[in-house]
Amino acid sequence: MKLKFVCLFTLAAVSLQAAADLSKPIETLRAVQKEGQGNEAAGQAWQQIVKADPAALPEVLKGMNGANPLAENWLRAAVGVLADEALQAKKLPVQALVAFLKDTHNSPGARVVAFDLIHRADAKVAEDLTPTLLEDPSSDLRRHPVAKLIEAGNAALEKKDKDAAVSAFGKGLAAARDEDQIKTLAKKLRELGQKVDLPKHFGFLMSWKMIAPFSNADRGGFATEYPPEKELKFDAAYEGKAKEAKWVDFTSTDEYGKIDFNKPFGMEKSVVGYAATDFFSTEDRPAEIRIGCKNGWKVWLNGELLFARDEYHRGAKLDQYKLPCQLKKGKNTILVKCCQNEQTEQWTVEWEFQLRVCDATGTAILAKN
Amino acid sequence: MKTTSLLLAFSFYLSASAHADWLQFRGPNATAVSSEAKTPGDDLKVAWSADLPGRGLSAPIVVGDRVFVTCSSGPGQETLHVFCFNAADGSKRWERAMRTTGRTMTHPKTSVAANTPCSDGEHIFALFSSNDLFAFDLDGKLLWLRGLTYDYANASNSLGMSQSPVVVDGTLVVQSENDSESFVAGLDVATGRNKWKLERPKAANWTSATVWKNVVALQSSKGILAVEPATGKTVWDYSDGASTIPSSVGTGEALYAVSHGITALAPEKGAVTQLWRNEKLNPGTASPLVLGDSIYVVNGAGVLIKASLKNGDEAWKLRLKGPFSGSPVAAGKRIYIVNERGIFQVIDPEAPEGKVLKEVELKETVLTTPAISGGAIYVRSDAKLWKLQ
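Protein chains in written order, with our numbering: chain A, 24 to 392; chain B, 110 to 498.
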């Protein structure tokens with residue numbers, strides 16, 4: 024009895040020691056910063072972590088909660104090494120990983136890793152978990168059940184069960200956050216006679232006040248502070264490039280929310296335009312403004328510059344740039360500067376952007392207005 | 110005496126058959142020419158293939174008996190993979206998977222795994238189009254990492270980037286040249302910290318550095334800037350413009366710049382002498398190759414052009430089965446190249462008009478440059494890595 028107690032005590036002590044040993048190296052990895060700061064210490068700490076028992080995997084994954092993307096990668100690589108060895112030895116702590124996955128307080132990135140590990144260890148367990156991920160905070164995890172709903176809808180179509188297909192595709196669209204799946208589902212639903220409101224689904228801002236053209240000669244307009252950067256007076260007119268610049272109202276009819284300066288102002292070159300809109304938030308909250316634009320651009324929220332990008336005509340796509348921001352309750356003013364350059368090739372005609380407000384998972388935040 | 114002779118003969122044998130590594134884009138000194146005595150020969154067949162879980166047009170590199178290759182997977186190519194395979198049988202030694210911290214947008218033809226990794230023989234440095242950079246030892250131990258777009262927020266190109274890093278005497282030189290926050294940096298290979306960082310022309314650039322005569326030659330639309338690898342200090346500067354896609358090659362006493370066709374340069378400290386220029390030697394996407402006393406260029410129409418290294422005079426033209434995104438490589442007296450349709454071609458450049466000796470159909474899209482090591486050739490696609498022998 025006494026011996027048993029001593030053994031148990033020793034085991035517990037060893038286990039506690041192991042846990043204590045890992046917390047320090049995990050903190051070291053979490054401390055890495057820009058420009059390689061902390062790399063030397065992180066390299067040493069990483070070696071300690073990859074020697075841990077596979078049972079420590081959830082703890083290492085937990086280290087990713089709130090970590091910066093560099094620290095996440097250090098930890099992700101360590102998890103990979105631990106998991107490879109655990110899988111080979113059939114020691115992956117599947118149930119602990121399932122518990123980790125189910126706890127949505129854990130970071131989306133870490134939970135995605137947990138799900139992948141569960142899938143590698145036991146595809147059936149992952150399969151059973153998949154439907155529970157439909158409303159998951161992680162858009163990566165939502166992909167799996169949405170893919171299943173697309174399959175289910177297609178299977179229903181083959182059986183000529185239109186109602187079941189509409190139901191599956193509709194549920195899929197409501198949950199989908201990735202453009203490829205949204206496009207597929209919207210097409211399927213429309214083919215089945217259903218209405219799909221893509222601007223609302225994505226949360227594109229469709230109505231703006233716009234003003235142009237200011238000069239962007241020699242691309243100098245990007246850095247020039249034209250009047251809209253100093254004041255938003257929508258009844259004002261300013262000296263523009265070869266003509267007066269005045270504010271006009273513009274509402275996009277493009278279902279991907281393109282705000283096209285060429286429409287109200289003509290196909291100008293070497294010009295700068297501005298677009299402004301008010302977004303009424305129901306609460307103070309963190310958000311992301313996501314913009315797609317192939318022109319030079321700047322975005323301000325309530326007078327604060329969020330980001331500026333001086334690249335021209337290299338391509339645009341949905342959510343090309345994600346700008347974390349803080350919305351305040353009530354009116355928030357968003358100002359976009361969009362610069363067209365001097366190129367004359369056919370593929371440089373576009374002078375436009377698309378912009379949406381969403382949360383970090385890509386779920387649209389709809390304005391009160 | 111007899112023993113000494115035998116030892117000498119044996120050491121000669123060892124030297125002649127020595128295995129040489131292929132440590133970076135276009136191999137030894139970025140010349141694309143194998144330094145091995147043992148050459149792959151003509152009658153090449155697929156020895157093995159290994160499946161890859163993601164896309165990529167980075168070239169494989171070879172260190173000893175290990176082949177390293179990168180790829181990117183996921184709906185937005187956010188997952189970055191670094192693989193190590195056994196050269197002998199294609200079995201996987203290790204894999205590391207990380208996540209992008211930079212932007213993943215690229216032209217559909219290219220992908221996030223576009224930059225070829227490099228090695229100093231002890232470490233692997235894997236850079237991706239997202240500007241994520243990882244250093245491993247040969248056994249997959251993560252030594253350090255960087256997120257260069259996380260560090261420098263406007264360092265990206267919406268068409269994708271592909272500049273491959275080079276490592277010289279303890280300094281890793283990485284380029285991120287684009288329309289916005291364009292730079293080159295020399296990093297300490299032990300820590301990944303900046304030793305130096307220089308602004309570069311604000312213009313998209315897909316060329317890779319050439320290490321030649323103890324300098325790193327950085328090519329851009331403005332020309333070629335040669336810097337000391339340890340300090341980034343300018344050694345010489347050629348400012349008559351250069352291509353932003355195919356990269357130059359330095360060998361012997363000249364640097365063959367992809368500038369107004371090909372321009373042969375003899376740079377010295379602070380000055381650059383032009384030896385010759387041939388504007389008709391106009392490479393398409395593939396970088397030029399110097400083999401023996403000739404330079405070979407694949408133009409945009411898929412025609413291989415042989416020209417004199419002495420004066421740039423054209424010797425012959427040979428139409429190949431194109432189009433090409435990858436560059437030619439060479440070993441012994443053979444040139445090897447793969448077209449975009451996956452047709453691997455073995456060329457005899459000493460035949461009077463050049464001759465294609467052999468074709469191997471890989472039956473997949475191939476946009477990359479092969480690697481040569483151990484008498485074998487390694488090629489990759491978006492889904493496979495092949496060993497040809």
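All C-beta atoms in this analysis are idealised placements derived from N, C-alpha and C, irrespective of residue type, glycine included.
All values derive from a computational prediction rather than experimental measurement.
query: Between the region 192-201 of chain B and the region 154-162 of chain B, do three or more beta carbon pairs fall short of 8 Å?
result: The count of Cβ pairs closer than 8 Å, one atom from the region 192-201 of chain B and one from the region 154-162 of chain B, reaches three, so the stretches are in contact.
task: Take the Cβ of T155(A) as the centre, count every other Cβ of all protein chains shown within 10 Å, and call the residue buried at 16 or more, exposed below.
output: exposed
query: For E462(B), which residues of its own chain have a beta-carbon under 7 Å away from its beta-carbon, when the five flanking residues on both sides are left out?
result: W425, L427
Selection from R99(A), A144(A), E108(A) that minimises the alpha carbon distance to A119(A): A144(A)
- request: Mind listing the chain B neighbours of E254(A)? Cutoff is C-beta to C-beta under 7 Å, in chain order.
  value: Residues of chain B passing the Cβ test: none, with the nearest at roughly 27 Å.
Interface partners of G338(A) on chain B, CB under 8 Å: M214, H216, S267, L268
task: Please specify which runs of the beta strand (DSSP E), each continuous and at least 3 residues long, are wholly inside the region 169-248 of chain B, giving them in chain order.
output: 170-172, 175-182, 188-195, 201-208, 232-236, 241-246
task: Taking only runs that begin and end inside the region 60-124 of chain A, name each unbroken alpha helix (DSSP H) of 4 or more residues, in chain order.
output: 62-72, 80-85, 92-111
message: Considering only the alpha carbon of each residue, which of K182(A), G89(A), W97(A), S46(A) lies closest to G59(A)?
response: W97(A)
- prompt: Excluding five sequence neighbours on each side, which residues of the same chain lie with their C-beta closer than 8 Å to the C-beta of A363(B)?
  reply: A373, L374, A375, L384, L418, listed in sequence order.
message: Against chain B, with Cβ distances strictly below 9 Å, would K269(A) count as a contact?
response: no
message: If we require 3 or more residues per run, which beta strand (DSSP E) segments fall completely within the region 380-448 of chain B?
response: 380-387, 398-400, 403-407, 412-417, 423-428, 438-440, 443-447
Selected residue, minimal CA-CA separation from D491(B), among A146(B), S181(B), V407(B), Y347(B): S181(B)
field: Closest Cα partner of D457(B) within the set E470(B), G401(B), K331(B), A351(B)
entry: G401(B)
query: Buried or exposed: T356(A), going by 16 or more other Cβ atoms within 10 Å of its Cβ?
result: T356(A) should be labelled exposed.
For Q454(B) and V475(B), the rounded distance between their alpha carbons: 12 Å
- prompt: Going along the chain, which residues of the region 165-187 of chain B sit with their C-beta nearer than 7 Å to a C-beta in chain A?
  reply: P184
field: Simplified DSSP assignment, three categories, for L140(A)
entry: helix
Contact with chain B by W374(A), beta-carbon distance below 9 Å: no
- request: Starting from the C-beta of V381(B), find all residues in its chain whose C-beta is less than 7 Å away, skip the five residues before and the five after it, and write them out in chain order.
  value: Listed in chain order, the non-local C-beta contacts of V381(B) below 7 Å within the same chain comprise W345, Y347, L374, local neighbours out to five positions each way being set aside.
- prompt: Residues of chain A with CB under 8 Å from R208(B), in chain order?
  reply: P92, E95, N96, R99, G132
query: Can you give the beta carbon distance from S271(B) to N240(B), rounded, assuming they're within the 8 Å contact cut?
result: Approximately 12 Å separates the beta-carbon atoms of S271(B) and N240(B); this is outside 8 Å, ruling out the contact.
- prompt: Cα separation between V136(A) and N88(A)?
  reply: 12 Å
message: Taking 8 Å as the cut-off, is the beta-carbon of G379(B) closer than that to any non-hydrogen atom of the ligand ATP?
response: Here there are no bound small molecules, and the ligand ATP is not part of this structure.
query: Which residues bound the alpha helix (DSSP H) around T155(A)?
result: Counting along the chain, T155(A) sits inside no alpha helix (DSSP H), nor does DSSP assign it H or E at all.
task: Let me know if H190(B) comes out buried or exposed under the rule of 16 or more other beta-carbons within 10 Å of its beta-carbon.
output: buried
message: Can you pull the chain A neighbours of W315(B), defined as C-beta to C-beta under 8 Å?
response: Per Cβ cutoff of 8 Å: no residues; W315(B) is ~12 Å from chain A at best.
- prompt: Using a Cβ cut-off of 8 Å, which residues of the region 244-263 of chain B contact any Cβ in chain A, in chain order?
  reply: G249, K250, L251, L252, W253, L254, R255, G256, Y259, D260, A262, N263
field: Beta-bridge partners of M270(B), as assigned by DSSP
entry: M270(B) pairs with nothing; no bridge assigned.
Beta-bridge pairing of Y365(B) - partner residues as DSSP gives them: V358(B), A373(B)
field: Host beta strand (DSSP E) of S482(B) (start-end)
entry: 480-482
- prompt: Between E308(B) and chain A, is there a C-beta pair that is closer than 9 Å?
  reply: no
message: For the beta strand (DSSP E) containing V293(B), name the first residue and the last one.
response: 292-297
- prompt: What is the DSSP secondary structure of Q454(B), counted as helix, strand or coil?
  reply: strand
message: On the DSSP bridge list, what partners appear for F227(A)?
response: Answer is R379(A).
query: What's the C-alpha gap between A146(B) and A440(B)?
result: Computed Cα separation, rounded: 9 Å.
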